[in-house]
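As given, the protein sequences belong to chains A and B, one line each in that order. Going by the working numbering, the first residue of the first sequence is number 1, and it counts up by one from there. Going by the working numbering, the first residue of the second sequence is number 272, and it counts up by one from there.
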Amino acid sequence: MAATPLLELSGINKGFGPVQVLHDVGLSVYPGEVTALVGDNGAGKSTLVKCISGIYQIDSGTVTFEGNQVAIHSPSDASGLGIEVVYQDLALCDNLDVVQNMFLGREKKRGIVLDEPTMEQMAGDALASLSVRTLKSLRQLVASLSGGQRQTVAIAKAVLWNSKIVILDEPTAALGVAQTAQVLELVRRLADNGLGVVLISHNMNDVFAVSDRIAALYLGRMAAQVKTTDVTHSQVVELITGGRSGNIGLPPEKPADFGGDVVDITPGGDK
Amino acid sequence: MTTTTTTTAGGVKVVKPTVASYINDYWGRVRGGDLGTLPAILGLIVLSLIFGIARDTFFSGLNFANLFNQSAQVVFIAMGLIFVLLLGEIDLSAGFASGVCGAVVAILLTNHGWDWYTAIPVALITGIIIGFVLGFLVAKLGIPSFVVTLAAFLAFQGVLLVLLGGGTNISTRNEFFNALNNNNLSVTWSWILAILAVVGYAGVQFNQMRSRAKRNLVTDPLGIVLMRIGGLAVLLLVATAILTQERAINPAINSLKGVPIVVPIIGFFLVLWTFVLGRTSYGRHVYAVGGNTEAARRAGIPVDRIRISVFVIGSFMAAIGGIMAVSRASSVDPNTGGSNILLYSVGAAVIGGTSLFGGKGKVINAVIGGAVIAVIDNGMTLMGFNSGTKFIVTGLILLVAASVDALARRRAAATGNR
Chain A
1 MAATPLLELS GINKGFGPVQ VLHDVGLSVY PGEVTALVGD NGAGKSTLVK CISGIYQIDS
61 GTVTFEGNQV AIHSPSDASG LGIEVVYQDL ALCDNLDVVQ NMFLGREKKR GIVLDEPTME
121 QMAGDALASL SVRTLKSLRQ LVASLSGGQR QTVAIAKAVL WNSKIVILDE PTAALGVAQT
181 AQVLELVRRL ADNGLGVVLI SHNMNDVFAV SDRIAALYLG RMAAQVKTTD VTHSQVVELI
241 TGGRSGNIGL PPEKPADFGG DVVDITPGGD K
Chain B
272 MTTTTTTTAG GVKVVKPTVA SYINDYWGRV RGGDLGTLPA ILGLIVLSLI FGIARDTFFS
332 GLNFANLFNQ SAQVVFIAMG LIFVLLLGEI DLSAGFASGV CGAVVAILLT NHGWDWYTAI
392 PVALITGIII GFVLGFLVAK LGIPSFVVTL AAFLAFQGVL LVLLGGGTNI STRNEFFNAL
452 NNNNLSVTWS WILAILAVVG YAGVQFNQMR SRAKRNLVTD PLGIVLMRIG GLAVLLLVAT
512 AILTQERAIN PAINSLKGVP IVVPIIGFFL VLWTFVLGRT SYGRHVYAVG GNTEAARRAG
572 IPVDRIRISV FVIGSFMAAI GGIMAVSRAS SVDPNTGGSN ILLYSVGAAV IGGTSLFGGK
632 GKVINAVIGG AVIAVIDNGM TLMGFNSGTK FIVTGLILLV AASVDALARR RAAATGNR
């Protein structure tokens, strides 16, 4: 598809005190494609996402967005660029309805009064653009929605703001089979609408079902970023668990294991 | 009944609600644990009937007017507490904060000879400062509000004693000030305000319907809107009609008629805070922080500032409650805002339908809950029960309300309403 990435990370380093979590990580997100970000627990997926969304600051490295180098210092910088994150635990308020949740923190106002009709209409349009037909009413409390419906609302919230990149953190982790299919379809539709989608997932079936590219993190390093069609299921699993698979992945001579007591191997040495 | 479907925002097909389906939905929500003010209203009716049957004087115009004056302090404090409760916090010091602010106003009026228009603002600012300090300690230092306000409860009791020089009683003689919670509006003004309130409410309702209909959004059925307006009109006009009757025992000496001045003041704050909670982004953020603090934080809502602000509103309203209490008694003593005032206020909010768990509640709950409390207190006094029995009964009713809240919450969790 598109040749130029929407978002390009290169040489990202991030550490917390003595613990180096991300080593020289690079990642490209293309518009209209779903990039699956995979990796074992503790591989640095969440940290990377938090760096992109501005919750964490990167120690070094460059972030290029639409060809321009940018600095993301806060979540509002990220949303200003059009990067939205749908969190694993959804971050919806149970006691508010669908429309209220979708506009939370960014309410439309006329003077000081909330402009409810406009918000309701925009929310409806956003849901319609994703072909969501499962909601009974836009004024339903989120508490009364099913897991899949909540995920839908959270994703539609991201769409509402004309985001360019949507990052989904384990969107299907808590869902049943039918709802998972529904959400994956939605993820695909997001990409088909021209957005760059980053899907974090542990589930290989999900990854192969919707993604165009797979980026595998291994112990804080980007083991490989490959086209989904070029790899097999087992190769991806090897990338996740061992950092390499055949001739793709991290070179074997590199000390890939930074765990335990050998903390003196600094990322500077990799450059 | 024919059901017509309509297409609403974004092409989502929905059933156009009819009066019947609206009532059905409402009943469904109630059964699902979203009780709102229903238990309080039913309780109010039942209690009024019991006391009315037991004592004829309960339904007299004089007693009816008294109810407003007696409950004013509790209602004002409860209105402020609703903001605090919406975040799942508590303000145990609200009672004595109102006492302190009442003492401030009385000292300025009586000891320093200030006039009401300078003394009242100082008392209100005192309330705001108290709220800010409490909120700051809770939000920024992270001390549980229960502890902060429990400490403040004790401290303010002391402040009140110190301010009053160790237990003296300061009486206020400012006529305007004492009129606030004792005197009545003229009959003409009573009617004008009642009619304005009904017309204003109707205007808001129709305007809302019109602006939604214009965009093809689902509107409440016209029948329901008319029922709401009609209900309010009947309630207000009947109450005004009763209150504008002569109710003095000996009218020749001292004529008593008209709506108590405190009623439009309660009405003003009811409308103001309802507007703030329901129609501004600030109010939306209060609900959001109460419902899911983390979600609110991620949505970019300044959680700490919201937390401080609710305590400021809480203590500000407590200050108004204190002013009303001092006005009512025309004096302040070390027990103003003490004894049962705080528990009555929390009780009013909870009985009215505000959840102690945060995220659920409306300002009207304070008024309805306050009315229930006032009716119990007033009715039991008329029936000659002593304070001990009154406390026991009020305590039990507060427990019942809290149980209803907890059970409704459980039921709501089971049916997925919350």
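Glycine is no exception: its CB is placed at the ideal position from the N, C-alpha and C atoms.
With 16 as the cutoff for other CB atoms within 10 Å, does residue i come out buried or exposed?
| i | result |
| --- | --- |
| Lys157/A | buried |
| Pro117/A | buried |
| Ala224/A | buried |
| Ser131/A | exposed |
| Gly608/B | buried |
| Asp270/A | Confidence at Asp270/A is low in this model, with a pLDDT of 44, below 50, so its placement is unreliable and the value that follows should be read with caution. Exposed, since its Cβ has fewer than 16 Cβ neighbours within 10 Å. |
| Arg302/B | exposed |
| Ala519/B | exposed |
| Val113/A | exposed |
| Gln57/A | exposed |
| Ile463/B | exposed |
| Ile579/B | buried |
| Gln20/A | buried |
| Thr274/B | Annotation note: pLDDT 45 at Thr274/B (below 50); position unreliable, coordinate value reported separately. Label assigned to Thr274/B: exposed. |
| Gln179/A | buried |
| Gln341/B | buried |
| Phe347/B | buried |
| Asp648/B | buried |
| Trp298/B | exposed |
| Pro18/A | exposed |
To the nearest angstrom, report how far apart residue i and residue j are at their CA atoms.
| i | j | result |
| --- | --- | --- |
| Phe292/B | Val489/B | Just to set this straight, residue 292/B is Ser in the shown sequence, not Phe. Their backbone Cα atoms lie some 13 Å apart in a straight line. |
| Ala672/B | Gly624/B | 8 Å |
| Arg444/B | Val317/B | 40 Å |
| Met1/A | Glu33/A | In this predicted model, Met1/A has a pLDDT of only 46, less than 50, meaning its place in the structure is not dependable enough to derive any value. |
| Lys136/A | Val98/A | 11 Å |
| Leu181/A | Gly561/B | A small fix is needed here, since residue 181/A is Ala in this sequence, not Leu. The alpha-carbon atoms of Ala181/A and Gly561/B are separated by roughly 33 Å. |
| Leu669/B | Gly618/B | 5 Å |
| Ile294/B | Ala209/A | 45 Å |
| Val638/B | Gly384/B | 34 Å |
| Glu360/B | Leu379/B | 32 Å |
| Ile572/B | Val509/B | 44 Å |
| Gly15/A | Asn563/B | 30 Å |
| Asp59/A | Cys51/A | 10 Å |
| Arg681/B | Gly304/B | 8 Å |
| Pro31/A | Arg213/A | 12 Å |
| Thr515/B | Gly373/B | 30 Å |
| Asp24/A | Asn205/A | 28 Å |
| Asp257/A | Ala410/B | Unreliable positioning characterises Asp257/A in this predicted model, as indicated by a pLDDT of 48, which lies under 50. The coordinate reading is nonetheless provided below. Going from the Cα of Asp257/A to the Cα of Ala410/B covers about 43 Å. |
| Asp169/A | Val159/A | 15 Å |
| Arg550/B | Gln149/A | 26 Å |
Note the first and the last residue of the continuous beta strand (DSSP E) segment covering residue i.
| i | result |
| --- | --- |
| Ala215/A | 213 to 218 |
| Asp575/B | Per DSSP, Asp575/B belongs to no beta strand (DSSP E); it is in the alpha helix (DSSP H), 574 to 600. |
| Val25/A | 19 to 29 |
| Glu84/A | 83 to 86 |
Along the chain, where does the alpha helix (DSSP H) containing residue i start, and where does it finish?
| i | result |
| --- | --- |
| His556/B | 552 to 562 |
| Lys157/A | 147 to 160 |
| Val646/B | 635 to 653 |
| Ala36/A | No alpha helix (DSSP H) contains Ala36/A, which is instead part of the beta strand (DSSP E) from 34 to 39. |
| Gln479/B | 458 to 485 |
| Ile240/A | 233 to 242 |
| Phe448/B | 446 to 450 |
| Arg499/B | 493 to 514 |
| Val132/A | Here Val132/A belongs to no alpha helix (DSSP H), and DSSP marks it neither H nor E. |
| Ile348/B | 332 to 357 |
| Leu9/A | Looking at the DSSP string, Leu9/A is not in any alpha helix (DSSP H); the run it does join, the beta strand (DSSP E), is 7 to 16. |
Assuming residue i and residue j make a contact with CB atoms under 8 Å, what is their CB distance in whole Å?
| i | j | result |
| --- | --- | --- |
| Phe427/B | Val371/B | 5 Å |
| Ala448/B | Val646/B | For the sequence presented, residue 448/B should be read as Phe rather than Ala. Actually they are not in contact, since the Cβ atoms of Phe448/B and Val646/B sit about 27 Å apart, beyond 8 Å. |
| Ala566/B | Cys93/A | 5 Å |
| Val197/A | Val187/A | 6 Å |
| Val597/B | Ala377/B | 5 Å |
| Asn606/B | Ile353/B | Rounded, the Cβ-Cβ distance is 25 Å, inconsistent with contact. |
Find the residues of chain E that neighbour residue i, judging by a C-beta separation of less than 7 Å, and give them in chain order.
| i | result |
| --- | --- |
| Gly571/B | The structure shown has no chain E; the protein chains it does contain are A and B. |
Tell me whether residue i counts as near the ligand NAD, meaning its Cβ is closer than 8 Å to at least one heavy atom of that ligand.
| i | result |
| --- | --- |
| Ile52/A | For the ligand NAD, the structure offers nothing, since it holds no ligand at all. |
Listed in chain order, which residues of the stretch 471 to 489 of chain B have Cβ atoms closer than 9 Å to some Cβ of chain A?
-> Residues passing the 9 Å Cβ filter: Gln479, Ser482, Arg483, Lys485, Arg486, Asn487, Leu488, Val489.
Relative to chain A, which residues along the stretch 629 to 656 of chain B have a C-beta separation below 8 Å, given in chain order?
-> Gly630, Lys631
With 9 Å as the limit, tell me which residues of the stretch 291 to 312 of chain B have their beta carbon closer than that to any beta carbon of chain A; keep them in chain order.
-> Cβ contacts with chain A: Gly303, Asp305.
Below 8 Å between beta carbons is the criterion; list the residues of the stretch 548 to 574 of chain B that meet it against any residue of chain A, in chain order.
-> Arg550, Thr551, Ser552, Arg555, His556, Tyr558, Ala559, Gly561, Gly562, Asn563, Glu565, Ala566, Ala567, Arg569, Ala570, Gly571, Ile572
Select from the stretch 48 to 66 of chain A all residues with a C-beta closer than 8 Å to any C-beta belonging to chain B, and list them in chain order.
-> Per Cβ criterion, the list is empty.
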